[in-house]
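**Student:** Sequential numbering of the sequence shown, starting at 1, is according to this note's numbering. C-beta: ideal position from N, C-alpha, C; glycine also. Here the structure is a predicted model, which is why all the values come from computation and not from measurement.
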Amino acid sequence: MATVTKRQEKWRRHGARYKARRRAVDVLFEAEARDIDPMRIVEDRTELARVPENQVAPIAEYTRQIVLGAAEELDAVDSTIERFLSDQWELGRLPAVDRAILRMSVWELIFNPDVPTPTAVVEGVEIASEYSGEQGAPYIHAVLDDVAENLAEVRASVGAEATEVAEAVENAEAKADPVENQTAENQAKEAETTPEASQATTAND
């Protein structure tokens with residue numbers, strides 16, 4: 001397991017990236033509690049921060065990146081978390097703050113290769129120790145370590161699933177309204193034979 005010294009811990013808790021991750025957890029937690037799109041909270045906070053009297057801190061760009069990424073890749077993130085949870089835990093029954101921490105950290109592990117894997121694990125565990133305490137931090141640490149140890153396979157699996165979903169959606173859309181698709185094709189053919197199109201062809205010749 002990744003370890004960190006007391007000095008490193010204090011430094012990280014004052015660092016910009018740590019604060020950005022922690023705020024991303026706050027946003028993900030609030031979004032689930034309110035059952036709204038987490039990016040709506042980001043945009044609301046951004047608007048409020050423009051007025052100094054509101055005393056709302058601006059949303060860091062990395063917070064925005066995490067929240068957007070976790071929201072867009074929620075299915076892949078959650079399925080990965082569920083895969084590495086022990087038999088005695090279920091994602092839906094975890095404390096909401098633990099879900100938010102895991103979603104933030106697992107998204108970072110899978111989808112942000114710019115962040116070193118040990119850093120993503122340690123930062124997630126530090127936030128867990130701050131927010132979740134002694135009970136939640138150990139199993140969050142265990143899940144993140146398991147994801148990290150199997151990261152290449154996890155990324156490959158997530159990529160394959162994303163391709164399958166995209167193909168399924170494309171096929172479903174193609175089958176959903178064949179009349180509409182045929183109409184679009186006919187319109188395209190008609191456009192090629194309009195007087196304007198003929199004139200353009202003549203001009204080019």
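Rounded to whole angstroms, how far is the Cβ of V25 from the Cβ of A71, which I believe are closer than 8 Å?
**Tutor:** The pair is not a contact, with the Cβ atoms about 13 Å apart (cut-off 8 Å).
**Student:** Between which two residues does the alpha helix (DSSP H) harbouring V122 extend?
**Tutor:** First-last of the alpha helix (DSSP H) with V122: 117-131.
**Student:** What ranges does the alpha helix (DSSP H) occupy inside the region 18-62, keeping only unbroken runs of at least 4 residues that lie completely in it?
**Tutor:** Counting whole runs of 4 or more residues, the region 18-62 contains the alpha helix (DSSP H) stretches 38-49.
**Student:** When you compare the CB positions of I127 and R22, do they come within less than 9 Å of one another, or not?
**Tutor:** In contact: I127 and R22 (Cβ atoms closer than 9 Å).
**Student:** So for A200, helix, strand or coil by DSSP?
**Tutor:** Since pLDDT at A200 reaches only 47, below the 50 mark, its modelled position is unreliable, and the value read off the structure follows with that caveat. Helix.
**Student:** Here's a check: name, in chain order, each residue in its chain whose Cβ is nearer than 7 Å to the Cβ of L102, leaving out the five neighbours to either side.
**Tutor:** These residues qualify, in order along the chain: I81, I140, V143.
**Student:** Compute the distance between the beta-carbons of L68 and M39, then report whether it is under 9 Å.
**Tutor:** Yes; because the gap between Cβ atoms is below 9 Å, this pair is in contact.
**Student:** Compare the Cα-Cα distances from V135 to each of V27, V97, N54 and report the closest residue.
**Tutor:** Residue 135 is actually Gln in this sequence, not Val. The candidate whose alpha carbon is nearest that of Q135 is V97.
**Student:** Out of E123, A57, A137, which one is the CA nearest neighbour of R17?
**Tutor:** Residue E123 is the option with its Cα nearest to R17.
**Student:** Under 6 Å Cβ to Cβ from S129, same chain only, skipping five residues before and after it: list those, please.
**Tutor:** Taken in chain order, the residues that qualify are A137.
**Student:** Going by CA-CA distance only, name the one from S132, I110, I36 that's closest to E153.
**Tutor:** Out of S132, I110, I36, I110 has the C-alpha closest to the C-alpha of E153.
**Student:** Considering only the alpha carbon of each residue, which of A148, S79, D87, S132 lies closest to E108?
**Tutor:** Selected option, being the one with the closest Cα: A148.
**Student:** CB-CB under 7 Å to V106, same chain, minus the five flanking residues each way: which ones, in chain order?
**Tutor:** Answer for V106: V77, T80, I81, V147, listed in chain order.
**Student:** In this structure, how does DSSP classify S79 when only helix, strand and coil are distinguished?
**Tutor:** Looking at S79 - three-state DSSP - the assignment turns out to be helix.
**Student:** Is Y18 close to chain D, meaning its C-beta is less than 9 Å from at least one C-beta of that chain?
**Tutor:** The structure shown has no chain D; it contains just one protein chain.
**Student:** Using a Cβ-Cβ cut-off of 6 Å (strictly less than) and excluding sequence neighbours within five positions of T63, which residues of its own chain qualify?
**Tutor:** These residues qualify, in order along the chain: A20, R23, A24.
**Student:** Can you tell me which of the three DSSP states Q88 falls into?
**Tutor:** Three-state result, Q88: coil.
**Student:** Using the three-state DSSP reduction, which class does P138 fall into: helix, strand or coil?
**Tutor:** Helix.
**Student:** Contact check, I41 vs E53 under 8 Å by CB: the rounded distance?
**Tutor:** That belief does not hold up - the Cβ atoms of I41 and E53 are roughly 20 Å apart, past 8 Å.
**Student:** Starting from L109, trace the alpha helix (DSSP H) both ways and give me its first and last residue.
**Tutor:** First-last of the alpha helix (DSSP H) with L109: 96-111.
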